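Residue numbers -23 to -1, 1 to 223, in mature numbering (1 follows the signal peptide of the UniProt record, and there is no 0), belong to the letters of the sequence shown in order. For every residue, glycine included, the Cβ atom is placed at its ideal position computed from N, Cα and C. These numbers were taken from a predicted model, which means no experiment stands behind them. Worksheet for the structure shown next.
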Amino acid sequence: MSSRARLAALLLAPLLASAPALAQTAKTPEVGAIGFGIAVGPEFGVGGEFHGGGTAGIARIGSRTWTSTHEYFLGLEGEVTYGLSDLSELALTLGYTRSEAESLGVGELAGVPLRAKFDDYEAWTARLSYRQYFQVSPGFYPYVGVTAGVRRVGAMDAEFRSGGFAQLTLPAELGSDFYKSSWVPTGGLTFGWRSPYAGVVLGLETGIFYDGELRDDDSTLAALGLNSINDEGGRWYIPVKLSVNF
């Protein structure tokens, strides 16, 4: 089983295991009611540079997006909801997101291809959301919402490989600090639906989100004259989450 498949199985296990123990009566929001939920799903990148480009001496670096440097983003979330009315609620969400990095070409050193492999992406998120529901039919409740919070993104270093390092009397493989652990703002607009089914409330949610830029670590790149390439890290993405609420 691939590491991606193992991660998906790990994240889905709590969602599936929780179903038999959930409350017997599903409900939509109601005034003063407290509920709980679990959601899992991918985050599809739609914009944002992981690093910028630059030229310094024999080095020529091209910019790369998050979708180039990292693979499939998968997230798991748990939430506590509080009903403001029969059709509106607040939600406090805690989540974990992970993505494996890929090795890729990022430029040249003295005309020799330069490849890089960055650390995997790991982040913890806390958000507060407001959802407004619309009763289309007795068993179908679409909603729109707004959410904002913070995301703690782990440090990500880089490993560069190129025969061109020989001209700088450096080994062919060079490790470099790249991004520090970062607290970044996160937020977005959401829409989805909820439907009572077999004693629980099933749902699907998507939307458009943005995470702020990461804190650069120039302790290695500055010596190479490339300290500007990691002044990026902001990310636009579309999450698609399946949920069980009770």
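Find the nearest neighbour of Val23 within the set Ile206, Ser220, Phe186, judged by alpha-carbon distance.
For the purposes of this step, residue 23 is identified with residue 46 of the sequence shown, where counting begins at 1. The candidate whose alpha carbon is nearest that of Val23 is Phe186.
| For Thr163 versus Thr102, is the C-beta distance shorter than 8 Å? | Counted from its first residue, the sequence shown places residue 163 at position 186. Counted from its first residue, the sequence shown places residue 102 at position 125. Contact flag set, yes.
task = Can you check the region 83 to 143 for any beta strand (DSSP E) of at least 3 residues that lies completely inside it and give the ranges in chain order?
result = 89 to 95, 98 to 110, 118 to 130, 133 to 138
Looking only at its chain, what residues have a beta carbon closer than 8 Å to the beta carbon of Thr183, apart from the 5 residues adjacent to it on each side? Counting from one through the sequence shown, the residue named residue 183 turns up at place 206. So the qualifying residues of the chain are Thr167, Phe168, Gly169, Ile215, Pro216, Val217, Lys218.
Between Leu203 and the rest of its own chain, which residues show a CB-CB distance below 7 Å, the 5 nearest in sequence each way excluded? The count along the sequence shown starts at 1 and reaches residue 203 at position 226. These residues qualify, in order along the chain: Gly31, Ala33, Ala36, Ile38.
* To do: Report all residues from its chain with a CB closer than 6 Å to the CB of Arg128; omit the five preceding and five following residues, and keep chain order.
  => Indexing the sequence shown from 1 puts residue 128 at position 151. Answer for Arg128: Ala100, Thr102, Val161, Thr163, Asp188, listed in chain order.
Identity of the residue in Arg104, Glu150, Thr146, Arg192 nearest Ser80 by Cα
If you number the sequence shown from 1, residue 80 lands on position 103. That would be Glu150, whose Cα lies nearest to the Cα of Ser80.
- prompt: Rounded to a whole number of angstroms, what is the C-alpha to C-alpha distance between Gly84 and Ser76?
  reply: Taking the first residue of the sequence shown as 1, we reach residue 84 at position 107. Taking the first residue of the sequence shown as 1, we reach residue 76 at position 99. About 23 Å.
### Task
Within the region 8 to 57, note down every full beta strand (DSSP E) run reaching 3 residues or more, in order along the chain.
11 to 24, 26 to 28, 31 to 33, 36 to 38
task: Just mark Phe111 as buried or exposed, buried being the case when its beta carbon has 16 or more other beta carbons within 10 Å.
output: Position 134 of the sequence shown, counting from 1, holds the residue named residue 111. The residue is exposed, with fewer than 16 neighbouring Cβ atoms inside 10 Å.
| Reduced DSSP category for residue 227 - H, G, I as helix; E, B as strand; rest coil | This structure cannot settle anything about residue 227, because the visible part of the chain is limited to -23 through 223.
_Arg171 to Tyr49 span [Cα, whole Å]_ = Here residue 171 refers to the residue found at position 194 of the sequence shown. Here residue 49 refers to the residue found at position 72 of the sequence shown. Computed Cα separation, rounded: 26 Å.
| Reduced DSSP secondary structure (H/G/I, E/B, other) of Leu147 | Start at 1 with the first residue of the sequence shown, and residue 147 comes out as number 170. Three-state DSSP puts Leu147 in coil, outside helix and strand.
- Item | Cβ neighbours of Leu69 in the same chain (closer than 7 Å, five flanking residues each side left out) | The residue labelled residue 69 in the question sits at position 92 within the sequence shown. Around Leu69: Glu56, Val57, Leu105.
Which same chain residues end up closer than 7 Å to Ser153 when comparing Cβ atoms and leaving out the 5 residues on each side of it in sequence? Translated into the one-based positions of the sequence shown, residue 153 becomes position 176. The residues are Asp134, Ala135, Phe137, Thr197, Leu198.
Original post:
Taking all protein chains shown into account, do 16 or more other C-beta atoms lie within 10 angstroms of the C-beta of Gly122, making it buried, or fewer, making it exposed?
Top reply: Residue 122 sits at position 145 when you count from the first residue of the sequence shown. Counting Cβ neighbours within 10 Å, Gly122 comes out buried, since at least 16 surround it.
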